[in-house]
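Asker: Following this message is one structure expressed as structure tokens.
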Amino acid sequence: MKPTIPAVLAGMLSLALCAAAIAQPKAAGGNVPLPYSVPDNMGNQWRVYQFGYLQQSGNQPLYSQGAMLTLNGNQPQSRDRMARLDEKTGELLLENMTSPNFSVTRRIMFDKENNTVRYIDIIKNTSNQEQTLNAMIQTSLNYGVNTSQSLPDPKKKDQMFAWVAQTSGNGAVMEMFSGKNAKTPMVINYQPGNSVVNANFNTTVGAGKEIALMHLHGCTATQDAGAQYLLKLKESDLFKKIPVNIRKLIVNFTGGASYVGDLEILRGDILDVVELRGGDQLKGTLKEESFNLDTFYGAVTLPVDRVIALLNVGAFRPRQLVVTTDGQIFGGNLKQDALSLQLSSGQVTKIPLSQVHRMGYRKRAGEPDEWVFEKPIVLMRSGERVGVKMPKTGFEVATRYGPLTLKPEQVGAIVLQSDETTMHQILLTDGSKFSGLLSAESLEMTLDAGGPEQVVKFPASSIARLQLTPKITEVDDVSPTIQLANDDMLVGSVTGTLKVDTAFDTLTINASEIRELKRPQAGGLDVQVVLFDGSSVSGQLQELELAVSLSGGVKMKIPLALLQEYTQPQPTPSKEMETKITTLIKDLSAEDWKARDRAQQGLIQVGPVAISALKRLRDGQPAEAQQRIDTILKELEKQKEKPAGKSAAGTAAPAGVPHEGVLRGGQFIENRIIENNVIIDRN
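Heads up: the sequence shown at position 664 corresponds to 1709 in my numbering, and the numbers run straight through without jumps.
Here you go:
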């Protein structure tokens, strides 16, 4: 039976509707179903599926699964098959994707002209504590790879930023995983002969914090064409339509450095340029001799050779932001009311400052490719970045540990504006961090802006962060640390002597001999002390404060009620133990080989506490003794790496220390006793 005309029309309409569903023309905004399709310029379709991965369909599709995202080995999940088109940016948004401890939003932008797809993956730590993150982006191809090339960063030759490959499918792919000169790039991995490439990024994300990773995927005719495209790509073009709040989250590109707030810094190529509020641009040579600003922290004069750009911000009472060659940003009101510009024709014109949107000088020889802030700098709440010279006077800080006077060289940074607390955060150069309040209402500083010396006063209330050193010392495994109940962390040692009232007696303990000191129960005053040799004792301290000397030289007293745990990986052995270690080292040179073997085994049994003495005395020993010491040191280093065991009392004993006993009730336990508050070997 032949189909009727209405049936044929209905069938044609059905096919048209199906084709429309596949093509999915770009909407102004709103929800769209997945998979979402966009035509490329090579006769194929880009298709985005439920979890945000990329695929191609058509005549010769190169991508099988592109931009696959995993976090700590888990693929972010989504309950629905819908996405949203951002009506402002045109991006495809996949929101509310979840992975253990993280949530993900994937922002996807299609560039039909260049046949590329740009991803921005916003990753948020949804837990209430810091999380380690391993993010991996992986692409699988439909065709085998004939040849491939990882592209070295033009500024850092040992750092790869992209990968291009010629496939057997008569086309090439481009994968860009980091920006050029990125400080924290992704690491590209590709095995020759494979059709899969991936890039990894490792970091830590604070509780409730976000980061973003940007990556670019695309197709081109040849591998060489793809390499040339990526090498010539201006990263500022990638950033143009990215909202400023998202741009600041991107960690594997540095393109955001060319922005101040929502405005991009304007620079000329071979001529200076002035952009007017209406969008017109005038090019020529700026004839300014200097820039004189009135700021809320004082008058500032900037030499013209230190200035690269100016931005006019504010609609009703405009103020100027002046950007310098080293990345400083000064905000205020220029004393001059116009800019002098000599046009290419030779005519000099005065442009009213009120008509200027942006101004930029031509790029000068010797300008840095990126701003590296290695000198002291003040970051203002209003967005300015002001370089200063190292202060000559210290900082008075009120803390839970009493008033402190901190020398400038002891301070790494002071955070005066924080989303987490109203207190100021003090970061010392030795790695210590604690809360406090600066006593001064203003900070007097000398500018580091070139020209004559200029002294200004910054109101403390206007400062977001004062950074005095470019890098805070990272705490290593051998540094003594004090963890406190208020999330403060100090790097340093407990000093003096401690008197511990136990159930059987009062013990006097040298603080330098303590390996670990902690309060087992929150709110209580009981403490447990583990000594250098693994012995432990529980009781109450007679003093309710601990004297502490930080590694950077600061001395303070810590209320016992705030202590969580003190750890000293390298405690000092007692004088008796030092004598025993020294004797055993001498016996390594004994005439009797049995005595030498006993001494070697004895030093191994002493544990890692003997390491410092062995290293100190090694060079003065005979050749055989030196060889034995090297063997002992290797064994003791292994002991340090082993997890702590359990002592007789059920408490963790330090790694590598023989479990020789626990002090309890004056009774002998295993092979040790207590006599007159002194630990005595049974043997």
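Backbone N, C-alpha and C define an ideal beta-carbon position, used for all residues, glycine too.
Only a predicted model underlies this, so the values are computations on that prediction, with no experimental measurement involved.
(1) Which residue marks the beginning of the beta strand (DSSP E) containing A1443, and which one marks its end?
(2) Let me know the secondary structure DSSP gives R1409 once reduced to three states.
(3) Give a yes or no on contact between the region 1359–1376 and the region 1332–1340, applying the rule of three or more CB pairs nearer than 8 Å.
(4) Leaving out five residues before and five after A1443 in sequence, what residues of the same chain have Cβ atoms less than 7 Å from its Cβ?
(5) Let's see if you can read the secondary structure: which residues bound the beta strand (DSSP E) around T1192?
(6) In whole angstroms, what is the alpha-carbon distance linking Y1006 and S1389?
(7) So which of A1112, N1179 and G1135 has the shortest CA-CA distance to S1144?
(8) From A1112 to L1261, what does the alpha carbon distance come to, in whole angstroms?
(9) For I1315, which residues of its own chain have a beta-carbon under 8 Å away from its beta-carbon, when the five flanking residues on both sides are left out?
(10) Out of curiosity, what's the CA-to-CA distance linking V1250 and L1356?
(11) Considering only C-alpha positions, which residue in the set T1248, Q1645 and A1530 is nearest to K1679?
(12) Cβ-heavy atom distance between K1286 and the ligand MN below 7 Å?
(13) Straight-line CA distance for D1325 to E1429?
(14) Alpha carbon to alpha carbon, how far is E1486 from P1448? Give it in angstroms, no decimals.
(15) Is it buried or exposed, P1515, if we count other Cβ atoms within 10 angstroms and call 16 or more buried?
(16) Is it the case that the region 1412–1419 contacts the region 1467–1482, given that we only count it when at least three CB pairs across the two stretches are under 8 Å?
(17) Across which residues does DSSP place R1364 in a beta bridge pair?
(18) Would the beta-carbon of Q1666 fall within 8 Å of that of S1619?
(19) Thinking Q1105 and G1214 are a contact (beta carbons under 8 Å), I'd like their distance in whole angstroms, please.
(20) Judging by CA-CA distance, which residue of Q1499, E1175 and K1452 is the nearest neighbour of A1252?
(21) Check each candidate in M1601, D1578 and K1683 and name the one with the smallest Cα separation from V988.
(22) Do you know how far the Cα of S1223 is from the Cα of I1396?
(23) Reducing DSSP to helix, strand and coil, say where E1680 ends up.
(24) Among the residues of its own chain, which have a CB less than 8 Å from the CB of D1571, if the five just before and after it don't count?
(25) Classify L1366 as buried or exposed, calling it buried when 16 or more other Cβ atoms lie within 10 Å of its own Cβ.
(26) Which ranges would you report for the beta strand (DSSP E) in the region 1475–1512 if only whole runs of at least 3 residues count?
(27) Which two residues bound the contiguous beta strand (DSSP E) that contains K1328?
(28) Grab the span of the alpha helix (DSSP H) containing F1246 for me, first residue to last.
(29) Starting from D1664, trace the beta strand (DSSP E) both ways and give me its first and last residue.
(30) Assign M1622 to one of three DSSP states: helix, strand, or coil.
(31) Among K1625, G1097, A1509 and F1503, which has the Cα closest to the Cα of A1344?
(32) Between the alpha carbons of R1351 and T1369, how many angstroms are there, rounded?
Answerer: On the basis of the supplied data:
(1) For the purposes of this step, residue 1443 is taken as the residue at position 398 of the sequence shown. F1440 to T1444 is the extent of the beta strand (DSSP E) around A1443.
(2) In the sequence shown, residue 1409 corresponds to position 364, counting from 1. DSSP places R1409 in the coil class of the three-state scheme, outside both helix and strand.
(3) Contact holds: three or more Cβ-Cβ distances are below 8 Å.
(4) The residue you call residue 1443 lines up with position 398 of the sequence shown. Answer for A1443: G1481, L1482 and S1484, listed in chain order.
(5) Here residue 1192 refers to the residue found at position 147 when the sequence shown is read from its first residue. V1190 to P1197 is the extent of the beta strand (DSSP E) around T1192.
(6) In the structure as shown, the chain starts at 1046 and stops at 1728, and residue 1006 therefore has no counterpart that could be examined.
(7) Within the sequence shown, numbered from 1, the residue matching residue 1144 stands at position 99. When each option's Cα is compared against that of S1144, the closest is N1179.
(8) Mapped onto the sequence shown, residue 1112 falls at position 67. Mapped onto the sequence shown, residue 1261 falls at position 216. Taking the straight line from one Cα to the other gives about 9 Å.
(9) What you label residue 1315 is simply residue 270 of the sequence shown in a count that begins at 1. For I1315, where only same-chain residues beyond five positions count, the Cβ hits under 8 Å are R1407.
(10) Along the sequence shown, one-based indexing puts residue 1250 at 205. Along the sequence shown, one-based indexing puts residue 1356 at 311. So the two alpha carbons sit approximately 33 Å from each other.
(11) Taking the first residue of the sequence shown as position 1, residue 1679 is located at position 634. Among T1248, Q1645 and A1530, the Cα nearest to that of K1679 is on Q1645.
(12) The ligand MN is absent from the structure shown, which contains no ligand whatsoever.
(13) Reading the sequence shown from its first residue, position 280 is the one you call residue 1325. Reading the sequence shown from its first residue, position 384 is the one you call residue 1429. C-alpha of D1325 to C-alpha of E1429: approximately 27 Å in a straight line.
(14) Locating residue 1448 in the sequence shown gives position 403, where the first residue counts as 1. Locating residue 1486 in the sequence shown gives position 441, where the first residue counts as 1. In a straight line, the C-alpha of P1448 is about 16 Å away from that of E1486.
(15) Indexing the sequence shown from 1 puts residue 1515 at position 470. By the 16-neighbour rule on beta-carbons within 10 angstroms, P1515 is exposed.
(16) Result no; under three Cβ-Cβ pairs closer than 8 Å.
(17) Your numbering for residue 1364 matches position 319 in the sequence shown. DSSP output for R1364 lists V1358 as bridge partner(s).
(18) Mapped onto the sequence shown, residue 1666 falls at position 621. Mapped onto the sequence shown, residue 1619 falls at position 574. No, the pair does not count as a contact, with Cβ atoms beyond the cut-off.
(19) In the sequence shown, the residue the question calls residue 1105 occupies position 60. In the sequence shown, the residue the question calls residue 1214 occupies position 169. So it is a contact: roughly 5 Å between Cβ atoms.
(20) For the purposes of this step, residue 1252 is taken as the residue at position 207 of the sequence shown. Nearest of Q1499, E1175 and K1452 to A1252, Cα basis: E1175.
(21) Any property of residue 988 remains undetermined from this structure, which presents the chain solely from 1046 to 1728.
(22) On the sequence shown, residue 1396 is found 351 positions in, with the first residue counted as 1. On the sequence shown, residue 1223 is found 178 positions in, with the first residue counted as 1. About 40 Å.
(23) To locate residue 1680, count along the sequence shown from 1; it is residue 635. Helix at E1680.
(24) For the purposes of this step, residue 1571 is taken as the residue at position 526 of the sequence shown. Around D1571: R1564, P1565, S1583, G1584 and Q1585.
(25) Numbered from 1 along the sequence shown, position 321 holds the residue referred to as residue 1366. With a 10 Å radius around the Cβ and a threshold of 16 neighbouring Cβ atoms, L1366 comes out buried.
(26) As far as the region 1475–1512 is concerned, its whole beta strand (DSSP E) runs of at least 3 residues are 1478–1483, 1487–1491, 1500–1504 and 1508–1512.
(27) Here residue 1328 refers to the residue found at position 283 when the sequence shown is read from its first residue. Looking at the DSSP string, the run of the beta strand (DSSP E) that includes K1328 is Q1326 to L1331.
(28) Against the sequence shown, residue 1246 aligns to sequence position 201. Per DSSP, F1246 lies in no alpha helix (DSSP H); the unbroken beta strand (DSSP E) holding it starts and ends at V1241 to V1250.
(29) By 1-based counting over the sequence shown, the position of residue 1664 is 619. D1664 -> no beta strand (DSSP E), and no H or E assigned at all.
(30) Translated into positions along the sequence shown, residue 1622 becomes position 577. Three-state DSSP puts M1622 in a helix.
(31) Here residue 1344 refers to the residue found at position 299 when the sequence shown is read from its first residue. The shortest C-alpha separation from A1344 is found at F1503.
(32) The residue given as residue 1351 occupies position 306 in the sequence shown. The residue given as residue 1369 occupies position 324 in the sequence shown. Answer to the nearest angstrom: the Cα atoms are 5 Å apart.
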